[in-house]
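Enquirer: Numbering (the numbering used here), first residue to last: 1268 to 1485.
Cβ atoms here follow ideal geometry from the backbone N, Cα and C, with glycine treated the same way.
Take a look at the following structure, please.
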Amino acid sequence: MTDTNGDQQILRYRSRQRIVHAVMASSFLILLITGLALVWGPLAFLAAGGWSRYLHRIAAVGFMSVPFLYLILDRSGAKEVLGESFKYDRDDVSWFRYMYRYALGRTAEMPPQGRLNAGQKLHHSAVIVFSAVIVISGLVLWFLKADLSPTMLAWTAIIHDLAMLVLTLLLVGHVFFTYVYTAWSSMATGYVSKDDMEMEHSKWVEELEHEGAEGPSA
Ligand code: HEM
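Right under this line is the structure:
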């Protein structure tokens, strides 16, 4: 497929994968804002009337549904991101050594990368691990609060808040790289420029060409 400028486009994310990402991103942002309203003085006015507690719980259900939704809507996509995010090769290790170049937008000098670059692998695996910590500690705070000692309750809340802080810092990096590499189209339309992918994910493009495909089928 080509765009209006005649540039070749390849499919990076199917529509069902983009729906899962939208549920994950929107529920996370609601959790962050309603969570901050509960713990941070300047935003406490948002918690007035207690509505933010209800919204926090509704968004928590949305966030917890993400892995199940992914498995129901796009099992192969879910398996792919889970498998690839925890697997690093030699190129990935040397990619980390030159990561500062990537942060400056100098992709041409980076070691060749597969469908996910090493930074994306680290981001996605950290999202999976810290989301699990947030979900488990959140469920404890929701359902077992009355059974916990004050010390246990304080520790659970600290773990919950620290894991949320880690995901928030990761989100800042995630949005920064989305902006620097104008990657938003991959989640907005699903398609990305083949030229860009040859620079940033050359091993993935080679794989697709080897398979005779132009990306995953829609
Ligand atoms: C709200 C602003 C956000 C923007 C602009 C954004 C942007 C993007 C983009 C452009 C991609 C595709 C990157 C690529 O491979 O080319 C992506 C993927 C991804 N994002 Fe986000 N994202 C946002 C929020 C989040 C949040 C809050 C999380 C996690 C809590 C998250 C987790 C992920 C994950 C795990 C993937 C890989 C998806 C998959 O393989 O199915 N994103 N994001």
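#1: Report the residue ranges of all beta strand (DSSP E) runs contained in full by the segment 1420-1471; include only those spanning at least 3 residues, in chain order.
#2: Rounding to the nearest angstrom, what Cα-Cα distance links Y1448 and S1416 in this structure?
#3: State the DSSP-derived secondary structure class of T1269, mapped to helix, strand or coil.
#4: Taking all protein chains shown into account, do 16 or more other C-beta atoms lie within 10 angstroms of the C-beta of K1412, making it buried, or fewer, making it exposed?
#5: Cβ-heavy atom distance between T1445 and the ligand HEM below 6 Å?
#6: Counting C-beta neighbours from all protein chains within 10 Å, is the total for W1362 16 or more, i.e. buried, or is it exposed?
#7: Any heavy atom of the ligand HEM within a distance shorter than 6 Å of the CB on H1391?
#8: Please classify S1293 as buried or exposed, where buried requires at least 16 other C-beta atoms within 10 Å of its C-beta.
#9: Which runs of the beta strand (DSSP E) spanning at least 3 residues fall entirely within the segment 1316-1377, listed in chain order?
#10: Measuring only the C-alpha atoms, how far is T1435 from L1322?
#11: Can you tell me the Cα-Cα spacing of R1364 and L1389, whole angstroms?
#12: Does the count of Cβ pairs from the segment 1287-1307 and the segment 1325-1332 closer than 8 Å reach three?
#13: Output needed for S1460: all residues of its chain with C-beta closer than 7 Å, excluding positions within five of it in sequence on either side, in chain order.
#14: Is V1333 close to the ligand HEM? I mean its beta-carbon at under 6 Å from any heavy atom of the ligand.
#15: Which same chain residues, not among the five before or five after L1383, have their C-beta less than 6 Å away from its C-beta?
#16: Could you tell me which of L1371, T1374, P1379 sits nearest to Y1355, measuring between CA atoms?
#17: Roughly how far, in whole angstroms, is the beta-carbon of L1298 from the beta-carbon of A1327, given that I think they are within contact range, below 8 Å?
#18: How far does the alpha helix (DSSP H) with Q1380 in it reach, from first residue to last?
#19: Who are L1278's beta bridge partners in DSSP?
Expert: Walking through what the data contain:
#1: 1458-1460
#2: Locating residue 1448 in the sequence shown gives position 181, where the first residue counts as 1. Locating residue 1416 in the sequence shown gives position 149, where the first residue counts as 1. Approximately 48 Å between the Cα atoms of the pair.
#3: Looking up residue 1269 in the sequence shown gives position 2. It is a strand residue.
#4: For the purposes of this step, residue 1412 is taken as residue 145 along the sequence shown, with counting starting at 1. K1412 should be labelled exposed.
#5: As a first step, residue 1445 is located in the sequence shown; it is residue number 178 there, counting from the start. Yes, Cβ of T1445 sits closer than 6 Å to a heavy atom of the ligand HEM.
#6: On the sequence shown, position 95 is the one that residue 1362 refers to. Buried, by the Cβ-count rule.
#7: The sequence position of residue 1391 within the sequence shown is 124, counting from 1. It does: the Cβ of H1391 is within 6 Å (strictly closer) of some heavy atom of the ligand HEM.
#8: Walking along the sequence shown from the start, residue 1293 turns up at place 26. Exposed: under 16 other Cβ atoms inside 10 Å.
#9: none
#10: Residue numbering aside, residue 1435 sits at position 168 when the sequence shown is read from its first letter. Residue numbering aside, residue 1322 sits at position 55 when the sequence shown is read from its first letter. Computed Cα separation, rounded: 19 Å.
#11: Along the sequence shown, one-based indexing puts residue 1364 at 97. Along the sequence shown, one-based indexing puts residue 1389 at 122. Going by the C-alpha atoms only, they are around 14 Å apart.
#12: yes
#13: In the sequence shown, residue 1460 corresponds to position 193, counting from 1. The answer, listed in chain order, is D1274, Q1276.
#14: As a working note, residue 1333 is residue 66 in the sequence shown. For the ligand HEM, not one heavy atom lies less than 6 Å from the Cβ of V1333.
#15: The residue given as residue 1383 occupies position 116 in the sequence shown. Cβ neighbours of L1383 beyond the five flanking positions: E1351.
#16: Mapped onto the sequence shown, residue 1355 falls at position 88. The residue with the shortest Cα to Cα distance from Y1355 is P1379.
#17: Counted from its first residue, the sequence shown places residue 1298 at position 31. Counted from its first residue, the sequence shown places residue 1327 at position 60. Contact flag correct, Cβ pair sits at about 6 Å.
#18: Locating residue 1380 in the sequence shown gives position 113, counting from the first residue. No alpha helix (DSSP H) holds Q1380; DSSP gives it neither H nor E.
#19: Against the sequence shown, residue 1278 aligns to sequence position 11. In DSSP, L1278 forms a bridge with Y1458.
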